[in-house]
Every structure is written in C-alpha cells, then in structure tokens.
Amino acid sequence: MEPRVAEAVARLGRQENEIKLLTAEIERLKNFGCLGISPSLEGLRDENAKLKYRLNFLRKSLQEERSKTAKSMININSCLQEVFGAAIQAAYPDLENPPLVVTPSQQPKFGDYQCNSAMGITQILLKTKEQKVSPREIAEKITKNIPANECIEKVEIAGPGFINVHLRKDFVSKQLSSLLMNGVQPPAVGKRKKVVVDFSSPNIAKEMHVGHLRSTIIGESMCRLFEFAGYDVLRLNHLGDWGTQFGMLIAHLQDKFPDYLTVSPPIGDLQAFYKESKRRFDTEEEFKKRAYQCVVLLQSKNPDFIKAWELICDVSRKEFQKIYNCLDITLIERGESFYQEMMKDIVKEFEDKGFVQVDDGRKIVFVPGFPVPLTIMKSDGGYTYDTSDLAALRHRLREEKADILIYVVDSGQSVHLQTVFAAGQMIGWYDPKVTRVTHAAFGVVLGEDKKKFKTRSGDTVRLIDLLEEGLKRAMDKLKDKERDKVLTAEELRAAQTSVAFGCIKYADLSHNRLNDYVFSFDKMLDDRGNTAAYLLYAFTRIRAIARLANIDEEMLRKAAREEVLILDHEKEWKLGKCILRFPEILQKILEDLLLHTLCDYLYELATTFTEFYDNCYCVEKDRQSGECWPVGLHVPWHKPEHRQCTGCFLVPGGLVLHYQLLQSKCWEDGRQLAQLCHLLSVSRKVEQEL
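Converting from the sequence shown to the working numbering requires adding 825 to each position, the first position being numbered 1.
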C-alpha cells in the first residue's frame, strides 16, 4: 500500500510541475496576443484531478490498513531497510536496484544494526559508470540523506564504510509496551494467501520408518508457521495408495482371508503381510499373473477389488494415525488414488500443446534444462508417478488456487520435483513470478556412527519403535531427577510424553534441514545447550518468576498503558532488542523455510534472558516472612531514583514478563513462539516440576 501512495505522490508532483511550466508558457504567449488555452494543459488538469482523487483514496486505505495492524509487532529490520532505501535513492537517484543490506550487529560496540550497502554500491559505480569512489565516501553520502524517522538515534561510519545504527530507546520501549498490551501479533501479511504443504507421505502397506520423521515434523512446523503468520494453509498427505503393488496385496488377501468381503480380516502386522505377498510375487509365477489381473480389475473399479483395496488402506491408516497422534500432526489425506481420474486429461493436455514424444511405445515429455524426460504414459497404457505428480501439481494450482506450494520431500527427489515444476511452468500452469512453487528438501537421519540410521540387524528403524524408545529414555531421565516422587502417575505420563516427543522434534528442527543430522537421544535430552530440555527449563523458570511475583496479565497491560518503560541496564536493553527481533526472524523463515533459524533465535532469547536474570532483580523476597513482590511495580517506573537496589539496576515494571508473555500469552490459544517450533506442549503443573 505505501509504495502505491509514494508512486501516486511522485506522479502528482511531476504533473503539477508540468502544469506550472505550461501555465507559464501560456502567459508568455498571451503577451504576444495568443489567448487560447493549450489542449495539453486541459488534459493535464483533468488527469491531475483524477490523480488527486486516487491519492486521497490510497491515503485513506493506507490509514485504515495501519489502524488494523496497529497491534502487530513491527519488523525493525524492514523499517531500517525503508529508511536506508530512501537514503540511497536520494544519494544515488540514477542507480537501478542498488544493494540494500541491513543486518543486526554482532557486537554492541558496533551499534544495534548495520547497513553494509556502501561496498556493493562501490562495485556498481565502478562497473557501470567507471567511477572509483571509496565505500566510506558513499557511506557518508548515504548518512547525509537519511530521512526523518522514529527508530534511529544516531549513525556512525566504521571501518571501510560500515554504517552502524543505534536505535532510539524510546522507540524500543514503545514497541515493548505495545507487545505487552497486545500480545505476540505477527506483522500483517496483506492479502491472505493460500499455502499448500505436501508432507509426510508414507506408503500404504508399509510402516512409517525414521525416514518419514523429518518430512512429518518439518512439514507440520511449516504449516504452523504460516498459520501463525495469517496464511490460509492446506496440509496434504500424498499417500502412496495406488499402483501395481496392490495387485499382489489383494491376491494375497484373497488367499489368506477368502471371506474378506463379509468378515473384516484380522491383519495385525501389515508389514509382514506385505513381505509375504512380495515373496510370493517374486517366487510364484501363477501368483504373479493373478496379481497383475488384480491390478487391472482394481483400476477398472471392480467393487470387490475396491473393497479389498479399502481394507488394506484402512489398516495402514490406523497405524499412521498412531504416529500422528503422538507427534500432534494434522493432515488431510489426498493420496495418488485421488488423482487417477485426472491422468487422462494430463496426457491429452501435453499432447494438444505438442510436448509429447513417443519412445518405444512410451509417451514422454522433455523439459528444457533437464536431461531425463518425464514418462506420462507407459507402453501398456498405464500411468506413472510422473503423471500423478503432474496431476497433483495442476490440481493444487488450478483447483486449490495455491499462491504458495511447498513440497517437504527428501533431497533425493530434488531432480524429479524440479523437472515436474518446470514442466508445469512450461505448459503454462503457473508463473513463478506470481506463484511460489518450491521443494523444501532435507537430508537423511544418521546414527551416532555417522552412517544411515539402521537397527543393529541392518533394518530400517521403525518410527513407532523410535518414539517408544524416546518415551523410555524420557522416563529414565525424570526418575533420575526423582520427579516420580513428587508427581502423580498422570502428571508423570504427561511429563514423559512432552519431554520425549518435544526433544525428538526439536532435535530435528534445530538442525539445518538441508544437512544430514545425527540422531542421539543423549544429546537431545541434555539440559545444556540448544536443546528442548534447556528451553523447557528456561521457560519454566520464567513462568515461576511470574507466579512468584503474583502478577496477572491485566496488571502488566495496565502498567504498560500508564507508565514509561525505561531501559537503562545493558542487559535489559539487550533483552528488549532481542525480543523485538522476532518479526524479522519470522519473515526470514517464511522466505527461506529454514526452521533452525527460529530454534537459534529461541535459544538466543533464553540465554539473553538468563544474562538479564543474573544481573537484574525481578522479584524481591522477605527472608523472614517469605513474602515476595515484583521489583519496580510498586513505584513509578520513570523515576530512576526508585530503581536502585544493592548496586544493581532493576528491571523496570517486570520486563522479564514481556518474555513470559511472549512465551505464554499465545500459549493459551495455541499461537505462540514455542508452538511454531512444535515443541513446548507441557502443562502448567508439569512445568513446575520438570
């Protein structure tokens, strides 16, 4: 909205200048007896009137938009980018798309943020205009053109041309007070876009194994992230529920449970059932022929064979749901079978547009830039995974009208997915400048020997076994800390599941998803370092302070409305800035989909709070009576003389509880930071006892 207002203002200014020039020209001509009015002038006046109307309309819309988002947290990095973008434009108006680099400073002596654009502009001037200008000279010119703003206290030029930015303390204080009053509200996203996320995607008749862990956890967390930011999210489970393997499964079902149509077959171990049918398929020629016949009858929608297929799918579905319940995963099932009726149209559309070639009876599609073609129809007339993936892509774009489409699939599928995406773009299903279609790839899970995670016998680790081992380890940890002596049986089970599954999920999310990572229960249950156990400890400590202070949220909101929050101590200043970085962290993750950034931020926030807690009093306790009270709330915050205690600056009005609010206000309604990490799901009673 704001760029459109700026554009309208600029056009209006240009036209008013033209009107002045034409008016002056007419006055000059009048002196020579020419009394006519210029048609150009009349046209400009008409267009100018329309522009003024449009400008007023845009300004009104902008004001309404700002009023709606007044409660949202401000992305300080974005604000600084706007400021420096305007300064660079004013300093170098002829440069097209100059580099704009604003980052948080790594050390306090370099200010709070840095603008590092000068070095890039130096290179551009040298290449495009053959002007040799030092970065420091460019930085000086940029700083002279910084427009008036509410966030910058001062700027300093350091080294070869770094611009160090110091934030205004009253600006930070204002944002923290707003956060306390309004809760954790992410910046508005404008038009509510639709996001479709494809994740988990196990195969029917096969058990979920450790390889499905990453897709399931990462995909669910991405969905929660986009939902928190205000997007409309559709979570899809692209099950492998169709194909030739169902022929052998149905044939085996008919032999083992001949009355399956009337009596539900007691298939207890579907994995063993699958292995038995596969062994027969590989060794019994008659069985193999019958399996192929079953596939034909299934694809022709024979009711008896559809019934058999549904029975097999239901058994798998129940097993999958046990995993999803443990990990708190929400999905809509839309497997390969959903797209079967669309396959014929996919082939026809590619044929009609001239993209299909016939190779030894197969229908294939070559996509520019990719050496291996997509096979959209086999020589026997059957369809392939390529066909179903193309059908899924088209349906999600055309029918679901996705603005953002994310496939959370392992890195091994990268070439295949990029080929499918390129084919969709080639045929005209989407424009990448308008619709974002991306593969959120991830590496494999390794054992502590740095090899692919396997059981001792060399088999793939079953996911349910992994989760059960996590529960056992978590219980051992709780008993080591003698939690079983103070918790009820129900509370102990709640702590066990929260610690076990939270630690497993956080261990995955805290690693860069692009890399392989080593699975280690010992590391993930360690309460030191960037682990779920440490964050749970830090979180419970903060909640304990809030309870000890006996302050409710309404008291904090009232104090924030009525008093000024002063940030004098270096540790409270550091904590305040760290809290306010959340929107820029959120924005970064929405762009690159790297969730470990949020884990790193939460760990930084927890350690920054610990520094603050060690240096600033939050609560005072009478040693004789045991009475506790929050420091700073019983006196005016804005009077420094009331804020001294034992040589340490006090936290003004409970800044610690800004962090508590950051973690717990949205806790209650399921929209908090820790939930975005898919981690902190511990009940209040369990928090006290961990």
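Backbone N, C-alpha and C fix where the C-beta goes; we use that ideal spot for every residue, glycine too.
Applying the criterion that 16 or more other CB atoms from any shown protein chain within 10 Å of the CB defines a buried residue, is residue i buried or exposed?
| i | result |
| --- | --- |
| ALA1314 | exposed |
| LEU951 | exposed |
| TYR878 | exposed |
| LEU1420 | buried |
| ARG1372 | exposed |
| PRO1196 | exposed |
| ASN1062 | buried |
| LEU1339 | exposed |
| SER1450 | exposed |
| PRO972 | exposed |
| ASN1375 | exposed |
| SER959 | exposed |
| GLN1182 | exposed |
| ASN1150 | exposed |
| LEU953 | Contrary to the premise, residue 953 reads as Thr rather than Leu in this sequence. The residue is exposed, with fewer than 16 neighbouring Cβ atoms inside 10 Å. |
| ASP1333 | buried |
| THR1108 | exposed |
| GLU1032 | buried |
| THR1322 | buried |
| LYS1304 | exposed |
| ASP1066 | buried |
| ASP1177 | exposed |
What's the C-alpha gap between residue i and residue j?
| i | j | result |
| --- | --- | --- |
| GLY1302 | ASN1355 | Per the sequence presented here, residue 1302 reads as Lys, with Gly not at that position. About 18 Å. |
| GLN1238 | SER1025 | 14 Å |
| MET1517 | SER897 | What is shown of the chain runs 826 to 1515, which leaves residue 1517 out entirely. |
| ASP1023 | ILE1137 | 23 Å |
| LYS1173 | VAL990 | 59 Å |
| ASP1341 | GLN932 | 31 Å |
| PHE1112 | ALA1247 | 40 Å |
| ILE967 | PHE987 | 11 Å |
| PHE1082 | VAL1088 | 9 Å |
| MET1073 | CYS1119 | 8 Å |
| GLU1388 | LEU1001 | 12 Å |
| TYR1210 | ILE1148 | 26 Å |
| ASP1084 | PRO1090 | 8 Å |
| TYR1362 | LYS1396 | 20 Å |
| GLY1206 | GLU1158 | 27 Å |
| SER1204 | VAL927 | 56 Å |
| GLY1186 | PRO1198 | 14 Å |
| LEU1152 | VAL1240 | 30 Å |
| LYS1399 | ARG1382 | 22 Å |
| GLY984 | ARG961 | 8 Å |
| LYS1114 | VAL1262 | 41 Å |
| CYS1328 | THR1365 | 16 Å |
In terms of residue numbering, what span does the alpha helix (DSSP H) encompassing residue i cover?
| i | result |
| --- | --- |
| ASN1062 | Not the alpha helix (DSSP H): ASN1062 falls in the beta strand (DSSP E), residues 1057-1062. |
| TYR1085 | Premise fails: TYR1085 is in no alpha helix (DSSP H) and is neither H nor E. |
| LYS1297 | 1288-1305 |
| VAL1140 | 1128-1152 |
| ILE913 | 901-916 |
| LEU1095 | 1095-1108 |
| PRO1408 | 1407-1417 |
| ASP1333 | 1314-1334 |
| ASP1439 | 1421-1440 |
| ILE1171 | 1168-1177 |
| VAL1245 | 1239-1251 |
| GLU1378 | 1378-1387 |
Got a sec, what are the start and stop residues for the beta strand (DSSP E) residue i sits in?
| i | result |
| --- | --- |
| ASN989 | 987-992 |
| ARG1261 | 1261-1264 |
| GLU1445 | 1444-1446 |
| LEU1230 | 1229-1232 |
| ILE982 | 977-983 |
So residue i and residue j are supposed to be a Cβ contact under 8 Å. How far apart are they, rounded?
| i | j | result |
| --- | --- | --- |
| SER981 | LEU992 | Per the sequence presented here, residue 981 reads as Glu, with Ser not at that position. 13 Å between Cβ atoms; not a contact. |
| ARG1105 | HIS1077 | 6 Å |
| HIS1264 | VAL1311 | So it is not a contact: roughly 48 Å between Cβ atoms. |
| MET1168 | SER1213 | 7 Å |
| LEU1095 | VAL1140 | 5 Å |
| SER997 | THR1285 | It is worth fixing the name first, because residue 997 is Val in this sequence and not Ser. The pair is not a contact, with the Cβ atoms about 51 Å apart (cut-off 8 Å). |
| GLU1273 | VAL1343 | 6 Å |
| LYS1019 | ASP1057 | 5 Å |
Practice prompt. Entirely within the region 1185-1223 and at least 3 residues each: give me those beta strand (DSSP E) ranges in chain order.
Written response: 1187-1190, 1199-1202
Fill in: Unbroken stretches of the alpha helix (DSSP H), 4 residues or longer, contained in the region 919-973
943-953, 960-969
Worksheet item: Residue ranges of each alpha helix (DSSP H) run of no fewer than 4 residues wholly in the region 1010-1083, ordered along the chain?
Response: 1036-1053, 1070-1081
Item to complete: Go through the region 1340-1371 residue by residue and report every complete run of the alpha helix (DSSP H) that reaches 4 residues or more, in order.
Response: 1346-1349
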